[in-house]
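Here the structure comes first, spelled out in structure tokens, and everything after it is commentary.
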Amino acid sequence: MAKRIVVCCDGTWATPDQADDGQPCPTNVTKLALAIAAAGKDQDGTDIEQRVFYHRGVGTGRQGRLGGGAFGAGLSYDILAAYRFIMGNFQPGDELFLLGFSRGAYTARSTAGLIRNAGILRRRFRGRLGDAFSLYRDRTATTNPRSVEATLFRRSFSHETRIHCIAVWDTVGALGIPLTGVPVVDRFNRRFAFHDTALSTTVDNAFQALAIDEKRKPFAPTLWQPQDDAGTQRLEQVWFTGTHGDVGGGNRSTLLSDVALAWIVERTRSAGLAFCPDASGAAAGAPVEPSNQYPPIQESRVGFWRMLPAYVRPIGSTDPAHERVAESALKRHDADPTYRPSNLVRYLGERPGTPSLS
Numbered sequence: 005m006a007k008r009i010v011v012c013c014d015g016t017w018a019t020p021d022q023a024d025d026g027q028p029c030p031t032n033v034t035k036l037a038l039a040i041a042a043a044g045k046d047q048d049g050t051d052i053e054q055r056v057f058y059h060r061g062v063g064t065g066r067q068g069r070l071g072g073g074a075f076g077a078g079l080s081y082d083i084l085a086a087y088r089f090i091m092g093n094f095q096p097g098d099e100l101f102l103l104g105f106s107r108g109a110y111t112a113r114s115t116a117g118l119i120r121n122a123g124i125l126r127r128r129f130r131g132r133l134g135d136a137f138s139l140y141r142d143r144t145a146t147t148n149p150r151s152v153e154a155t156l157f158r159r160s161f162s163h164e165t166r167i168h169c170i171a172v173w174d175t176v177g178a179l180g181i182p183l184t185g186v187p188v189v190d191r192f193n194r195r196f197a198f199h200d201t202a203l204s205t206t207v208d209n210a211f212q213a214l215a216i217d218e219k220r221k222p223f224a225p226t227l228w229q230p231q232d233d234a235g236t237q238r239l240e241q242v243w244f245t246g247t248h249g250d251v252g253g254g255n256r257s258t259l260l261s262d263v264a265l266a267w268i269v270e271r272t273r274s275a276g277l278a279f280c281p282d283a284s285g286a287a288a289g290a291p292v293e294p295s296n297q298y299p300p301i302q303e304s305r306v307g308f309w310r311m312l313p314a315y316v317r318p319i320g321s322t323d324p325a326h327e328r329v330a331e332s333a334l335k336r337h338d339a340d341p342t343y344r345p346s347n348l349v350r351y352l353g354e355r356p357g358t359p360s361l362s
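Read left to right, the sequence shown gives residues 5 to 362 (our numbering).
Following this line, the structure appears as structure tokens:
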């Protein structure tokens, strides 16, 4: 019987029980994972199981905070952990949802790339996981997803499937690694520069929430570029007020991150995902109107980060049909004369009267 498989990948150094001075500070990935119902309905109204896997952020285990968080070595481990769960649970007809924040977003998107290249190994061929990953890692003109070699590998050993939905908060960095731009780290990480986060035409729904006010250059966002042959694919990338944690969560204040959480919940619900009836607020997808009209933006460029040049994220670098600014950010810009981020001002100047997707 078909089911939904939901893989939730948390951000760098993030854990489900993280706290700040005793106050729980879960990310939006944790909140969403806990709000997903055990079962929902399919398009015909029939009950369908929803099986959820949560993968905590890198830098929280044996690799250590610096080694796991700064270097690319742990990224392959994260992707394989997600892939193994999918491989062990998938049956033809199942729907796949991949979700993540920050480097977890990169993990989710790279897992989709691995599935696109090698398929989902049938369980009797699980011993070929190394071959599947090598095929993905060593992509060339003769081993890309449409090549004869990759096609025959999937046909021989794997289930081929579409990915129903990818939903992420603020995918960052060329490798999803928040210390890119530091020469010694970059040299080490070149060996891991093979990961594929492009948006395949085999993905039905793709949603990304992005932070307008993040200024750390190593946290430069990784946006999807629309594909010409995407068909009916639904792609939405929306910019929200705040820095990286204000969008993906994990800060003490959730006034801003709840807005981005509610948007992702609403979008994934529209793609079929069901949530617990007792989920409340943003985790239930309810519209969020902060009690503070202008919630403070968390300053992320502090300490070590102040030593690096500020970086202004460009808004509108992809197809305007799929990239917009959230209504909440537009309202704040219009009503709060102190909120004038240069990237938003530039974007609005280039596209006066631009409508919002949210």
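A virtual CB, placed ideally from N, CA and C, is assigned to each residue, including glycine.
Small disclaimer: the values here were computed from a predicted structure and weren't measured.
- By the C-beta criterion, the stretch 53-60 is judged not to be in contact with the stretch 129-147, since fewer than 3 inter-stretch pairs fall below 8 Å.
- The residue among W267, P341 and T205 with its C-alpha nearest the C-alpha of A234 is T205.
- The C-alpha of P96 is placed about 48 Å away from the C-alpha of V349.
- With fewer than three CB-CB distances shorter than 8 Å, the stretch 313-329 does not count as touching the stretch 134-147.
- Within the same chain, and ignoring the five residues on either side of E354 in sequence, the residues whose Cβ sits closer than 8 Å to its Cβ are G320.
- By DSSP's assignment, F211 forms a beta bridge with A171 and E240.
- Where H59 is concerned, the enclosing beta strand (DSSP E) starts and stops at D51 to H59.
- DSSP places K35 within a helical segment (H, G or I) once states are collapsed to three.
- For L156, the uninterrupted alpha helix (DSSP H) segment begins and ends at V152 to F161.
- Note that the C-beta distance between I40 and Q27 is not below 7 Å.
- The criterion of a C-beta distance shorter than 7 Å is satisfied by G104 and V172.
- Residue state for D262 is assigned as helix, using DSSP reduced to three classes.
- When the alpha-carbon of A112 is set against those of Y343, I83 and D250, the nearest one is in I83.
- Secondary structure in the stretch 316-358: the beta strand (DSSP E) runs of 3 residues or longer, each lying completely within the stretch, are 327-329 in chain order.
- In the three-state scheme derived from DSSP, where H, G and I count as helix and E and B as strand, L312 is classed as coil.
- Distance from the CA atom of D174 to the CA atom of D250, rounded to whole angstroms, is 10 Å.
- Less than 7 Å divides the Cβ of L125 from the Cβ of M91.
- The C-alpha of A286 lies about 43 Å from the C-alpha of T147.
- DSSP places F94 in no beta strand (DSSP E); its state is neither H nor E.
- When D98, I301 and S261 are compared, the shortest CA-CA separation from C29 is found for S261.
- Bounds of the alpha helix (DSSP H) holding G249 are H248 to G252.
- For L133, the enclosing alpha helix (DSSP H) begins and ends at L133 to R141.
- In this model, E153 and A145 are separated by some 10 Å (Cα to Cα).
- Only buried fits V11, as 16 or more other CB atoms lie within 10 angstroms of its CB.
- At a Cβ-Cβ threshold of 7 Å, G108 and G49 do not count as neighbours.
- Assignment of R113 by DSSP, reduced to helix, strand and coil, places it in the helix class.
- DSSP lists A314 as the bridge partner or partners of R220.
- Collapsing the DSSP output to three states places A43 in a strand.
- In the three-state reduction of the DSSP assignment, E303 falls in the coil class.
- Closest in C-alpha terms to Q229, from the list T201, R256 and F223, comes T201.
- Cβ neighbours of W309 within its own chain (closer than 7 Å, five residues either side excluded): R220.
- Bridge partners of F129 according to DSSP: none are assigned.
- In this structure, the beta-carbon distance from F223 to A330 does not fall below 7 Å.
- When DSSP states are grouped into helix, strand and coil, R8 belongs to the strand group.
- Straight through space, the alpha carbons of I9 and F94 are spaced by roughly 8 Å.
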